[in-house]
Amino acid sequence: RQVELFDEGTIAVTIDYAKLREKTQHISDLHAALTCAPMECMACLRCAAHEATLASAEGRARLQDAYGIPASDLRVVTSMTTCVKLVNYEESKVRFAAMRSNVVGRVVSLKGTVTRAAPIKPAVTHMVFVCQTCQERSRCTFKDGKYRPPLVCSTERCRGKKFVHELSNVECADSQRVRIQEIADDGVMSEEGRVPRFMDCELRGALTDSCAPGDVVTMLGVVESDTVDGGGGGALARGRNQALSELYLNAWSCTVSRGKGDSEDASEDDVETTTAPTLSTQDLEFIADFSQQDGEEIVRTLVHSLCPQIFGHDVVKLGLLLCLFGGVRKSVTGCGKVPTRGSLHCLVVGDPGLGKSQMLKAVSNLAPRSIYVCGRTVSAAGLTAAVVRDPGTGAQTFEAGAVVLADRGVCCVDEFDKMPNEHQALLEAMEQQSVSVCKAGLNATLPARTSIIAAANPVQGHYNRGKTVNENLKMSAPLLSRFDLIFILLDTVDEVLDEHLSEHVIAQHSGRHSQARRAQARQNLHAYYNEVDADGRALEDATERAFTQDLRDDAAPYVPLRSRLRVVDEAMEILSHDVMRKYISYAHAYCHPRLTGEAAEILQTFYLELRSRAPADGTPVTARQLESLVRLAEARARLELRTEVTANDAKDAVEVIKASLIDALSDQHGRLRFNRAGGKSTKRSKTKLFIEAMNARTASNDSAYFSIGDLHALADDLNLGIADIDGFIEGLNIAGELLKCGRLYKSASASSAETPGKRRR
Numbered sequence: 001r002q003v004e005l006f007d008e009g010t011i012a013v014t015i016d017y018a019k020l021r022e023k024t025q026h027i028s029d030l031h032a033a034l035t036c037a038p039m040e041c042m043a044c045l046r047c048a049a050h051e052a053t054l055a056s057a058e059g060r061a062r063l064q065d066a067y068g069i070p071a072s073d074l075r076v077v078t079s080m081t082t083c084v085k086l087v088n089y090e091e092s093k094v095r096f097a098a099m100r101s102n103v104v105g106r107v108v109s110l111k112g113t114v115t116r117a118a119p120i121k122p123a124v125t126h127m128v129f130v131c132q133t134c135q136e137r138s139r140c141t142f143k144d145g146k147y148r149p150p151l152v153c154s155t156e157r158c159r160g161k162k163f164v165h166e167l168s169n170v171e172c173a174d175s176q177r178v179r180i181q182e183i184a185d186d187g188v189m190s191e192e193g194r195v196p197r198f199m200d201c202e203l204r205g206a207l208t209d210s211c212a213p214g215d216v217v218t219m220l221g222v223v224e225s226d227t228v229d230g231g232g233g234g235a236l237a238r239g240r241n242q243a244l245s246e247l248y249l250n251a252w253s254c255t256v257s258r259g260k261g262d263s264e265d266a267s268e269d270d271v272e273t274t275t276a277p278t279l280s281t282q283d284l285e286f287i288a289d290f291s292q293q294d295g296e297e298i299v300r301t302l303v304h305s306l307c308p309q310i311f312g313h314d315v316v317k318l319g320l321l322l323c324l325f326g327g328v329r330k331s332v333t334g335c336g337k338v339p340t341r342g343s344l345h346c347l348v349v350g351d352p353g354l355g356k357s358q359m360l361k362a363v364s365n366l367a368p369r370s371i372y373v374c375g376r377t378v379s380a381a382g383l384t385a386a387v388v389r390d391p392g393t394g395a396q397t398f399e400a401g402a403v404v405l406a407d408r409g410v411c412c413v414d415e416f417d418k419m420p421n422e423h424q425a426l427l428e429a430m431e432q433q434s435v436s437v438c439k440a441g442l443n444a445t446l447p448a449r450t451s452i453i454a455a456a457n458p459v460q461g462h463y464n465r466g467k468t469v470n471e472n473l474k475m476s477a478p479l480l481s482r483f484d485l486i487f488i489l490l491d492t493v494d495e496v497l498d499e500h501l502s503e504h505v506i507a508q509h510s511g512r513h514s515q516a517r518r519a520q521a522r523q524n525l526h527a528y529y530n531e532v533d534a535d536g537r538a539l540e541d542a543t544e545r546a547f548t549q550d551l552r553d554d555a556a557p558y559v560p561l562r563s564r565l566r567v568v569d570e571a572m573e574i575l576s577h578d579v580m581r582k583y584i585s586y587a588h589a590y591c592h593p594r595l596t597g598e599a600a601e602i603l604q605t606f607y608l609e610l611r612s613r614a615p616a617d618g619t620p621v622t623a624r625q626l627e628s629l630v631r632l633a634e635a636r637a638r639l640e641l642r643t644e645v646t647a648n649d650a651k652d653a654v655e656v657i658k659a660s661l662i663d664a665l666s667d668q669h670g671r672l673r674f675n676r677a678g679g680k681s682t683k684r685s686k687t688k689l690f691i692e693a694m695n696a697r698t699a700s701n702d703s704a705y706f707s708i709g710d711l712h713a714l715a716d717d718l719n720l721g722i723a724d725i726d727g728f729i730e731g732l733n734i735a736g737e738l739l740k741c742g743r744l745y746k747s748a749s750a751s752s753a754e755t756p757g758k759r760r761r
């Protein structure tokens, strides 16, 4: 057992039921008593715990040694209340679907996510009433927190019905209501489309304030029922629903299933703490054998097991895997213990029909803890946190949103471009890993240590290489800068590739006789990509032209990352998502890689080279990019369950960043243009030239107003090479360079004050 002082009047004793049952095998009816008469059995356990902890000489000596209580105060300690927390009662585990009327009065254990936690309030447990007729004093007990005064006097000769309660003889206990929601796992995936089940839990005494919204907890207690209130309607409706009851859990213990982060006495090198996952011996043997394979083979197997039905996009899949494994969250003492986030954020942008949503669904199913939302049906409060009114107490309380519920997990957001009004709500959660809420008189900061993995479509349906990522998505630069990786998928026309991909898709729908057809389709695709590599690695050559610093070992032959991720053996084993989920959980619990000097030098060299090439008129390269490199290198080491970040890990992190930068910085002709970094491109010089031409024409014609045809003609005369003139004009109007007056436009810097009605024809 574990004994702890909860407050000056209560001692909490945690009892492991499995160990208790093992040591009390001579008590044959212990399990039967806990099953048939749980309240009476718990009362006996409290008495036994009080006797062993406080009343006996051995218990008092142990308490004195543990907490340093003087011997003179032991008499006071003996009168303290003992609270028993029963844990590890495997026979009581049930699912939310089993919470029916037949479980009332039984001991059950539920595991779920805390979505709502009401404020702590005092609940009256005992009160003394005085009869107005005979002055007889009677003590009443309120078991469920409801006020029930005596109906008649207990004295036989009196039988009075008027009572007055004594305020000096009132006993109270802390009470708190929390709501837990079931966790979607493989067992309930067949029930998709149904509203998630939930259960209200009553916490008393030492259990109050033991969990917060977003925590994954295991509640153990006895199921009780409470009468539903009438719900209004006046005197005629009073008592209408007295026969209708709702279930709630009278909790005996509340176990948080994961660590609460950095401890108060964390040192400079402390990292996150996570509760070890529950793994069988077979799982541990597989993890040990799999981690002994070649590092390249491990990465290749994990990449192709992520979403096997989508062929290609290997670097994108590797980036998603790195986000699942994540970096290491650190707390530095010298900086006031401000934690450095270890979560990686990834954005996948591209044309429709390229498998973005399927890869996002695979990531959501693969993560040990994940929340999947769609941008069309989510609000800012649904993403972060909402303030709701508790139906039982009427008090305002917090209800956790998606990023809070996905704390220490992954939040997958599909259709990210369809929620422009909610983008600002993610700024704090993505960088500070928390959500601050100040509504309805409540002010709190909720943990949101989650990885944001989003998928978005361009505004006009297809990605325009002539525009920047900001312009294609109409997304703010501060939000884009918080993504560690931005991948762009393009639907390019290639007759040979389209034929092979169509064979692969048809083979996926050919039924049980399609194994040979699938193998042939994949073989054709591999042959096509190998032929492309043999003709000339255009992407790798472009990378070398963009980043001249050679970060590889000259003695070893260089193999591009895309080529290393391709499958060589058609019979390569594809891991199930259940196995991969356990592998990721093990990596999070036991692998906290440290950055070596050699790896740090490689990352620093690449960062300095990248920063030196960043133009002054583009979005600057800051330390945020260097931190992204460190997190990617740590995640790459976690893929192989290593405790040190090697030079090869750093090189692979650089290659992933290079692939992401090439996607974001290349124009419609495939040329890399660094002044497009984060989104301003060479369009700034074109904008300046266009506005100067408008001002010059305004001065020569004495007219400041232009029609849309005049602007098209002006752009053609200047030979700016802009494919979408209307989009260019709209962008200038949004930026404030052009002012729209009805159907006419005017330069914001024009000196003429002529009105549209006086425009010369």
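Just so we're aligned: 685 in UniProt numbering is position 685 of the sequence shown, and the numbers increase by one with no gaps anywhere. Every residue gets a Cβ at the ideal spot worked out from N, C-alpha and C, and that includes glycine. Because the structure is a prediction, the values reported are computed rather than measured.
Can you name the residues that DSSP bridges to residue i?
{"i": "Met127", "result": "Cys140, Val170"}
{"i": "residue 771", "result": "Not covered by the structure: residue 771. The range shown for the chain is 1 to 761."}
{"i": "Glu202", "result": "Arg177, Asn250"}
{"i": "Met580", "result": "Answer is none; Met580 lacks a bridge partner."}
{"i": "Ala454", "result": "Leu347, Val413"}
{"i": "Thr340", "result": "Lys330"}
{"i": "Gly441", "result": "In DSSP, Gly441 forms no bridge with anything."}
Short check: CB of residue i to CB of residue j, under 9 Å?
{"i": "Ala385", "j": "Val373", "result": "no"}
{"i": "Asp724", "j": "Asn464", "result": "yes"}
{"i": "Ala589", "j": "Val645", "result": "no"}
{"i": "Arg177", "j": "Leu207", "result": "no"}
{"i": "Leu639", "j": "Leu321", "result": "yes"}
{"i": "Phe487", "j": "Val621", "result": "no"}
{"i": "Ile453", "j": "Met430", "result": "no"}
{"i": "Cys412", "j": "Ser481", "result": "no"}
{"i": "Ala123", "j": "Phe96", "result": "no"}
{"i": "Leu603", "j": "Val656", "result": "no"}
{"i": "Ile708", "j": "Arg743", "result": "yes"}
{"i": "Thr301", "j": "Gln293", "result": "yes"}
{"i": "Val410", "j": "Gln396", "result": "no"}
{"i": "Leu360", "j": "Asp414", "result": "yes"}
{"i": "Val114", "j": "Val94", "result": "no"}
When DSSP labels each residue in this structure, what does residue i get in the three-state scheme?
{"i": "Arg552", "result": "Because Arg552 sits at a pLDDT of 44, beneath the cut-off of 50, its placement in the model cannot be relied upon, and the point is left open."}
{"i": "Gly105", "result": "coil"}
{"i": "Ser434", "result": "strand"}
{"i": "Lys474", "result": "coil"}
{"i": "Ala748", "result": "coil"}
{"i": "Leu30", "result": "helix"}
{"i": "Ser563", "result": "helix"}
{"i": "Asn701", "result": "helix"}
{"i": "Met99", "result": "coil"}
{"i": "Val404", "result": "helix"}
{"i": "Thr596", "result": "coil"}
{"i": "Lys330", "result": "strand"}
{"i": "Ala18", "result": "helix"}
{"i": "Pro149", "result": "coil"}
{"i": "Thr53", "result": "helix"}
{"i": "Val256", "result": "strand"}
{"i": "Val216", "result": "strand"}
{"i": "Arg116", "result": "strand"}
{"i": "Ile657", "result": "helix"}
{"i": "Lys162", "result": "coil"}
Assuming residue i and residue j form a contact by the criterion Cβ under 8 Å, report the distance between their Cβ atoms to the nearest whole angstrom.
{"i": "Gly112", "j": "Leu446", "result": "The Cβ separation is near 17 Å, so there is no contact."}
{"i": "Ala117", "j": "Cys211", "result": "7 Å"}
{"i": "Leu324", "j": "Ala381", "result": "Not confirmed; about 27 Å, so no contact."}
{"i": "Glu247", "j": "Val223", "result": "Checking the sequence shown, residue 247 turns out to be Leu, not Glu. With a Cβ gap of about 6 Å, Leu247 and Val223 count as contacting."}
Does the ligand MG have even one heavy atom less than 8 Å from the beta-carbon of residue i?
{"i": "Val645", "result": "Summarising the ligand content, the structure contains no ligands, and the ligand MG is consequently not present."}
Which runs of the alpha helix (DSSP H) at least 4 residues long sit entirely within the stretch 710 to 746? Give them in chain order. 725 to 735
Complete alpha helix (DSSP H) runs within the stretch 345 to 433 (minimum length 4 residues, chain order): Every unbroken stretch of the alpha helix (DSSP H) spanning 4 or more residues and falling wholly within the stretch 345 to 433 is given here in chain order: 356 to 366, 380 to 383, 402 to 405, 427 to 431.
At what residue ranges does the stretch 271 to 330 contain a whole run of the alpha helix (DSSP H), taking only runs of 4 or more? The stretch 271 to 330 contains these whole alpha helix (DSSP H) runs: 281 to 291, 295 to 306, 314 to 325.
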